[in-house]
Amino acid sequence: MQRARLYTQRFHQIRENFEIDNSTDPTVLNTERDLQLLRAYCDRYCNNVRALDGILEYVFLGLLKLTQTNFKDTVTPVCSRLQNVLATYLPKLAEEETTRLYEEAQDFHGRICYEPHETLEIVAHIRFLDKCSTELDGIFDGIDYVHDLLLIIKDFGIPIDDDSKEDYMDTEDYLNRTRETLEEIREKRQEFINRLEDAMQDDIAALKEEIHEVAVEAMQPWLLDANSNRLSVTNKLDTMLEHLNKCRETADEFLGYQKEFQIDLTMYDEMASGFYDIRMRQNLYRTWSDWEESLAEWIVADFNTLNVVDMVELNSKTIKNCMQFQKYLPENNIVPVLQKSAEAFKEKLPVIGYLRNPNLRARHWAEIEDLLNRKFFQEKDILIQTYEDVHAFDDVAVGEALMQISSQATGEVQLENMLKGIETTWKETELSIVPHHDAKDVFILAGTEELQAVLDDSNVNINTIAASKFVGPIKGKVDEWINAMDQFAKTFESWMDCQGAWIYLEAIFASADIQRQLPQEAKMFFTVDKSFKETVRQAKKVALALPTMSSADVHKVLVENNRLLDLISRGLEAYLEAVQPHLRKCFDAIYRLEFGSKEGGDGKMVPTNDIVAFLSPEGEKLQFGKGLKARGAVEEWLSKVEEAMFVSCKRIIPNQVVLTVSQVQWAADIHRIYEGKERNPLNILEKMAKFEIKCLKDLGALAALTRKNISSLLRKILCALITIDVHAKDSVRMLIAKEVCKASDFNWLKMLRFYWADETETVYSRMAAANIPYYYEYLGAGGVLVLTPLTDRCYLCLMGAFQMDLGGAPAGPAGTGKTETTKDLAKALAKQCVVFNCSDGLDYKMMGRFFSGLAQCGAWCCFDEFNRIDIEVLSVIAQQLITIRTAKAMRVKRFIFEGREIKINRSCCVFITMNPGYAGRTELPDNLKALFRPISMMVPDYALISEVILYSEGFEDPKILARKMVQMYQLCSQQLSQQNHYDFGMRAVKSVLVMAGALKRASPNQREDITLIAALRDSNIPKFLADDAVLFRGILSDLFPGVELPDSQHPHLEASLRLGLRQKNLQAVPTTIRKCLQLYETMCVRWGVMLVGPTGGGKSVVLHALEFALSHLFENEVQDPNFRPVVIQTMNPKAVTMNELYGYVDLKTLEWQDGLLGLAVRTATTVEGNDHLQRHLDIKRSS
1 MQRARLYTQR
11 FHQIRENFEI
21 DNSTDPTVLN
31 TERDLQLLRA
41 YCDRYCNNVR
51 ALDGILEYVF
61 LGLLKLTQTN
71 FKDTVTPVCS
81 RLQNVLATYL
91 PKLAEEETTR
101 LYEEAQDFHG
111 RICYEPHETL
121 EIVAHIRFLD
131 KCSTELDGIF
141 DGIDYVHDLL
151 LIIKDFGIPI
161 DDDSKEDYMD
171 TEDYLNRTRE
181 TLEEIREKRQ
191 EFINRLEDAM
201 QDDIAALKEE
211 IHEVAVEAMQ
221 PWLLDANSNR
231 LSVTNKLDTM
241 LEHLNKCRET
251 ADEFLGYQKE
261 FQIDLTMYDE
271 MASGFYDIRM
281 RQNLYRTWSD
291 WEESLAEWIV
301 ADFNTLNVVD
311 MVELNSKTIK
321 NCMQFQKYLP
331 ENNIVPVLQK
341 SAEAFKEKLP
351 VIGYLRNPNL
361 RARHWAEIED
371 LLNRKFFQEK
381 DILIQTYEDV
391 HAFDDVAVGE
401 ALMQISSQAT
411 GEVQLENMLK
421 GIETTWKETE
431 LSIVPHHDAK
441 DVFILAGTEE
451 LQAVLDDSNV
461 NINTIAASKF
471 VGPIKGKVDE
481 WINAMDQFAK
491 TFESWMDCQG
501 AWIYLEAIFA
511 SADIQRQLPQ
521 EAKMFFTVDK
531 SFKETVRQAK
541 KVALALPTMS
551 SADVHKVLVE
561 NNRLLDLISR
571 GLEAYLEAVQ
581 PHLRKCFDAI
591 YRLEFGSKEG
601 GDGKMVPTND
611 IVAFLSPEGE
621 KLQFGKGLKA
631 RGAVEEWLSK
641 VEEAMFVSCK
651 RIIPNQVVLT
661 VSQVQWAADI
671 HRIYEGKERN
681 PLNILEKMAK
691 FEIKCLKDLG
701 ALAALTRKNI
711 SSLLRKILCA
721 LITIDVHAKD
731 SVRMLIAKEV
741 CKASDFNWLK
751 MLRFYWADET
761 ETVYSRMAAA
771 NIPYYYEYLG
781 AGGVLVLTPL
791 TDRCYLCLMG
801 AFQMDLGGAP
811 AGPAGTGKTE
821 TTKDLAKALA
831 KQCVVFNCSD
841 GLDYKMMGRF
851 FSGLAQCGAW
861 CCFDEFNRID
871 IEVLSVIAQQ
881 LITIRTAKAM
891 RVKRFIFEGR
901 EIKINRSCCV
911 FITMNPGYAG
921 RTELPDNLKA
931 LFRPISMMVP
941 DYALISEVIL
951 YSEGFEDPKI
961 LARKMVQMYQ
971 LCSQQLSQQN
981 HYDFGMRAVK
991 SVLVMAGALK
1001 RASPNQREDI
1011 TLIAALRDSN
1021 IPKFLADDAV
1031 LFRGILSDLF
1041 PGVELPDSQH
1051 PHLEASLRLG
1061 LRQKNLQAVP
1071 TTIRKCLQLY
1081 ETMCVRWGVM
1091 LVGPTGGGKS
1101 VVLHALEFAL
1111 SHLFENEVQD
1121 PNFRPVVIQT
1131 MNPKAVTMNE
1141 LYGYVDLKTL
1151 EWQDGLLGLA
1161 VRTATTVEGN
1171 DHLQRHLDIK
1181 RSS
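The sequence shown begins at 1 in the UniProt record's numbering and counts up by one.
And the structure:
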């Protein structure tokens, strides 16, 4: 059975086809034209028949005998029947298609060979030839269809007679010949176009003749004769216009053919003139009819129903048309009569307009009736003729009088309507009183812009009414409104001033701290607060704007409130300004805060408590974000100022961040070289050499900028940027010299590098194993130290110490840069560094308070000469620092320090500097030494420092000049006498370099060696003794041979010095004058100057002579920024104790108390530069 089932599955497809074929209607096959389906039918039926022929009558499958005769006999007839249907249908279809295609080919051939003669026939033929390829392609598609059909017949052996095959071949051959014929005929396209042009010429000539006949007919005289029948004339003109329109249609058709086949266009000039003549005559008769009909209606119409606007419009149109008719039509007897009639009526129209004025009232009609001696008002049967009878149109004087009465009526009505509009507006306008901050029973006035707009419009309108000459009848009401609007404006202005100031001050005086700080102002504010709230509540009850705002009592209350608010604002402004001088104590580089302002009631700007920006001592300004206010306790809003400062530094990018970004880019460029695709050492060193050249070019561009006339702030930034870039260039040279080829080399890792971290969006500084974030503390736009190898070593030590929560301890002689290097590292990391000068007067309590503040604010501190503190105090300090370090190591947020819990900012750090071997110095305890990483500082490289500073100041060739200057100071220290006030260290070198930079900018074209010599001379000669001055000049001439330097000239100052000495009955000897000039030049570059000399040497005389000269030059307005008034404050140190002179720490309160000297200096530093005031301290120092 299994074998039988498997065997019968062979015939499964035949059984399925049988079921389909048995139900197939033969007519479906006889109508099918799709060749793919026809081939599929043939293929299926033929395959089925072949399969059935191969089936045996019976087959043995084991014990079974399977009989297949019935299956074969049943299926075979169905397949044979359908196969016979296709065998009959396919040849027939091929024959029909061939016949159809042959007939279409014959028709197509006949059409392309047709010879047209008429214009339209030629056009149609040319168009047919242009697009007939598509039709021919369709016939060829039919040939392809027949060809594929014959292939099916051939593939399946279907019988077909030879005649059908020959017919197909003949048809295909005929079509090929037809295509060739088409190409030949198409080549004759231009001949057809020429034939078309010839045919069109005849048609165009006939058309022009037809147009000429119409144009001549339009010029017939009877068409412009007043005696002609109007209906006949108009009908004739309409007929001619219709005829001419048909001619234009024909002409447009011909023009279309000419454009289509690129034939020269024909112009029909006479057609345009014909149209114009016909339409002009039609317009004449239309205008004539309209005027006569309208005039007849006006004459018999009731005068009070006349529409003057329509009358004037039609009259103007008629007169205008008549002028055109006279100009463009032949002389005729219609136009003069029509124009005369219109002109005559035009003279009556003004009077008709006056009398038909709808604004005329009974009092105006009484004047008119008195003028014309007849009653018109509310009378019946008044016509135009009625006014003609009383000569209203004839008398010029009467016309002018009527015009005056009509204008008066119109003006009065307009003013009345304007006044009614104002009254209606204020009857509907209400005050928009809204709750204030969701407070109960507290309201403010809103929608002030809309109210102000209504007030402005009303003032404009009422003033316009008052200025009119027609105001007489309503003048009393107008005056009342003017007074009301004036009072409204005053009250509204006072209201807005009071409300604005009240809203601003309400939030401020809500603070209990402000109430305590400003008790008098708080009392006044609460008075205003009560009064203003009651005023607004009453206004809300009234609702309408006019009764409240025009009240003199309300205005009086608001004026008094504004007076008190002005006093309160002044007191608050003084309170806010009192904070400014103390900002430098809280922030390293915030010189002052800039508060917002708003327009006051009197048009002046009054300050607000909005803090909008902060300024550095160098003049750099950074904006805060919105919402920062000086509100509440001072310590609270100053803390918010600190937070906003960090955000501004990160968002706005001040100049200090520009320096850091430069270093970030430098490190990124080097990493790009080290970590590139090519890791070959030779290629890396070659790229590094190219990068060094790029650094040199960038330095040259920056140095060129410094030699231009730029601002002081920009110059400081450029100098700092050049200093950093010079060190970057030197670092690249060192890396090349040591053949560093990978980023993991220690020679690269030991450098101070900056990187931008995308994940935290901040900058990190790295040096060896240290990785410290950039703190974004604003530090102003001050300069930076020249970075030397000694600086790099100190940085490496301090960064490593900070990474391990230790402090740094640079040690070395004075002038080696211990403190400045520590401060410069803090500046590089944007962290405030507080420098404190230690003495033996410090105790552990004061140091504990110091450390407590540092731990909480996260600042750095550098304790200068730390080893001057007593050993007992140092032992306690060690314990205090260990407590802070332990808290940092444990990463806690709060810890117990000196018996109280405080918060800790892990960025805090303590550094100390020491001068070992000096008198009065103490050895540090071992437990204190363990908290600091020591580093020995030595004398810096003066030549390198001088070279970099000169380069940043704009010198083009600083290397040789720097070497000569250092050599000169070495010679001076060896050859000149030893005096206590002589200084040949780094501080002296720095002052000379700064002066050289100023001289370079003042004389950019002067030789650089002369500029440096002038700086050396002006900085050093004043402090040398007479004998040493001679040696100094000899050293200068040896180092700079052949350079003659003229003396500096100050003619105005010298003349003033001589005048001052004469007024004091003193002789202006050359020595005194020279010392005065030297003192002046020294003061221009040094902020502290000491006059040294024996008693009676003229120290005070020189000082007071210079004081008089500077003040005298300022009074005489001699232009120089250093010529300012001088105030001298004299002290005698021997008259006071040391604590009274310098200051001391109060042991009871542990607060610092300023001494006389400190107070004097503090007062001098608070003087603003714009006040043209300087203070000089003449301290009598005992030797």
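Note that beta-carbon positions come from the ideal geometry of N, C-alpha and C, so glycine has one too.
| query | Taking the alpha carbon of VAL536 as the point to measure from, which residue in ARG885, ASN1065 and SER432 has its own alpha carbon closest? | reply | Measuring from the Cα of VAL536, the nearest candidate turns out to be SER432.
| query | If you run the structure through DSSP and keep just helix, strand and coil, what is THR1137? | reply | In this structure, THR1137 counts as coil in the three-state DSSP scheme.
| query | Given 8 angstroms as the limit, is there contact between the stretch 875-887 and the stretch 823-835, that is, 3 or more CB pairs closer than that? | reply | At 8 angstroms Cβ cutoff, the stretches do not touch.
| Per DSSP, cross-strand counterpart(s) of MET767 | Answer by DSSP bridge pairing, in chain order: ALA770.
| To the nearest whole angstrom, what separates the beta carbons of LEU1141 and LEU1159, a pair I think is in contact under 8 angstroms? | LEU1141 to LEU1159, Cβ: 10 angstroms. No contact.
| message | Which of the three DSSP states is assigned to ASN1170 in this structure? | response | For ASN1170, the predicted model reports a pLDDT of 39, less than 50, meaning its position is unreliable; a value from the coordinates is still stated below. Helix.
| field | C-alpha gap between PRO330 and ARG248, whole angstroms | value | Computed Cα separation, rounded: 25 angstroms.
| For GLY808, which three-state DSSP category applies? | Of the three classes helix, strand and coil, the one that applies to GLY808 here is strand, per DSSP.
| request: Using the Cα positions of ASP529 and LEU565, report the straight-line distance between them to the nearest angstrom. | output: So the two alpha carbons sit approximately 10 angstroms from each other.
| query | Got a sec, what are the start and stop residues for the beta strand (DSSP E) GLY274 sits in? | reply | Note, GLY274: premise wrong, no beta strand (DSSP E); alpha helix (DSSP H) at 269-300.
| Does the separation of the CB atoms of ALA1015 and ALA996 fall below 9 angstroms? | For the 9 angstroms CB-CB criterion, ALA1015 and ALA996 form a contact.
| said: Short of 7 angstroms in beta carbon distance, which residues of its chain neighbour HIS436, apart from the five on each side in sequence? Order them along the chain. | reply: Excluding residues up to 5 positions away in sequence, VAL442, PHE443 and ILE444 lie with their Cβ nearer than 7 angstroms to the Cβ of HIS436 in the same chain.
| Segment contact flag, the stretch 631-646 with the stretch 707-725, C-beta cutoff 8 angstroms, min 3 pairs | At 8 angstroms Cβ cutoff, the stretches do not touch.
| field | Residue burial classification, LYS440 (beta-carbon count within 10 angstroms, cutoff 16) | value | Under this definition LYS440 is an exposed residue.
| request: Could you check the C-alpha separation between GLU620 and GLY780 for me, to the nearest Å? | output: Their backbone Cα atoms lie some 7 angstroms apart in a straight line.
| query | Along the chain, which unbroken stretches of the beta strand (DSSP E) at least 3 residues long are found entirely within the stretch 676-757? | reply | Secondary structure in the stretch 676-757: the beta strand (DSSP E) runs of 3 residues or longer, each lying completely within the stretch, are 753-757 in chain order.
| For the stretch 401-410 against the stretch 349-366, are there 3 or more C-beta pairs whose distance is under 8 angstroms? | Under the Cβ criterion (8 angstroms, minimum of three pairs), the stretch 401-410 counts as touching the stretch 349-366.
| task | State the Cα-Cα distance for the pair GLU506 and LYS427, rounded to the nearest angstrom. | result | Distance between the alpha carbons of GLU506 and LYS427: 33 angstroms.
| query | Looking only at DSSP bridge pairs, what is VAL835 linked to? | reply | Per DSSP, CYS862.
| field | Endpoints, alpha helix (DSSP H) assigned at TRP481 | value | Taken as a continuous stretch (DSSP letters only), the alpha helix (DSSP H) holding TRP481 covers 475-509.
| Neighbourhood of TYR951 by C-beta, 8 angstroms cutoff - its chain only, sequence neighbours within 5 removed | Once the five neighbours on either side are set aside, the close Cβ partners of TYR951 are LEU699, ALA703, ILE722, VAL726 and PRO958.
| Counted within 10 angstroms of its Cβ, other Cβ atoms place HIS147 as buried (16 or more) or exposed | The residue in question, HIS147, is exposed, as its Cβ has fewer than 16 Cβ neighbours within 10 Å.
| said: Using 8 angstroms as the cut-off, can you tell me whether the stretch 997-1014 makes contact with the stretch 968-977, which would need three or more C-beta pairs spanning the two stretches below that distance? | reply: Put simply, the stretch 997-1014 does not touch the stretch 968-977. Fewer than three CB pairs are less than 8 angstroms apart.
| query | So ASP456 is in the alpha helix (DSSP H); what residue range does that whole segment cover? | reply | 448-467 is the extent of the alpha helix (DSSP H) around ASP456.
| request: For TYR776, count neighbouring C-beta atoms within 10 Å of its own C-beta (all shown protein chains included) and say buried if the count is 16 or more, exposed if not. | output: The Cβ neighbour count for TYR776, taken over all protein chains shown within 10 Å, is at least 16; the residue is labelled buried.
| field | Secondary structure, beta strand (DSSP E): runs of 3+ residues fully inside the stretch 925-994 | value | For the stretch 925-994, whole beta strand (DSSP E) runs of length 3 or above, ordered along the chain, are 932-936.
| Helix, strand or coil: which one does DSSP assign to VAL337? | Three-state result, VAL337: helix.
| said: Rounded to whole angstroms, what is the Cα-Cα separation between PHE851 and PHE802? | reply: In a straight line, the C-alpha of PHE851 is about 16 angstroms away from that of PHE802.
| field | Unbroken beta strand (DSSP E) run spanning PHE911, endpoints | value | Counting along the chain, the beta strand (DSSP E) containing PHE911 begins and ends at 909-912.
| request: Following the continuous beta strand (DSSP E) through PRO435, name the residue where it begins and the one where it ends. | output: Note, PRO435: beta strand (DSSP E), 432-435.
| task | Could I get the ranges of all uninterrupted alpha helix (DSSP H) runs contained in the stretch 366-429, with 4 residues as the minimum, in chain order? | result | Runs of alpha helix (DSSP H) with 4 or more residues, each lying fully within the stretch 366-429, are found at 384-389 and 396-428, listed in chain order.
| request: Helix, strand or coil for VAL1127, going by three-state DSSP, please let me know. | output: The answer is strand: DSSP assigns VAL1127 an E or B state.
| message | Suppose contacts are defined by Cβ-Cβ distances below 9 angstroms. Is ALA512 in contact with GLU430 by that definition? | response | Not a contact, by the Cβ cut-off of 9 angstroms.
| message | For a quick check, are the C-beta atoms of ILE143 and GLU183 less than 9 angstroms apart? | response | No, the Cβ-Cβ distance between ILE143 and GLU183 is not below 9 angstroms.
| field | For PRO1094, three-class secondary structure by DSSP | value | Three-state result, PRO1094: coil.
| message | If the criterion is Cβ atoms closer than 9 angstroms, does the pair MET271 and ILE211 meet it? | response | Result yes, Cβ atoms of MET271 and ILE211 sit closer than 9 angstroms.
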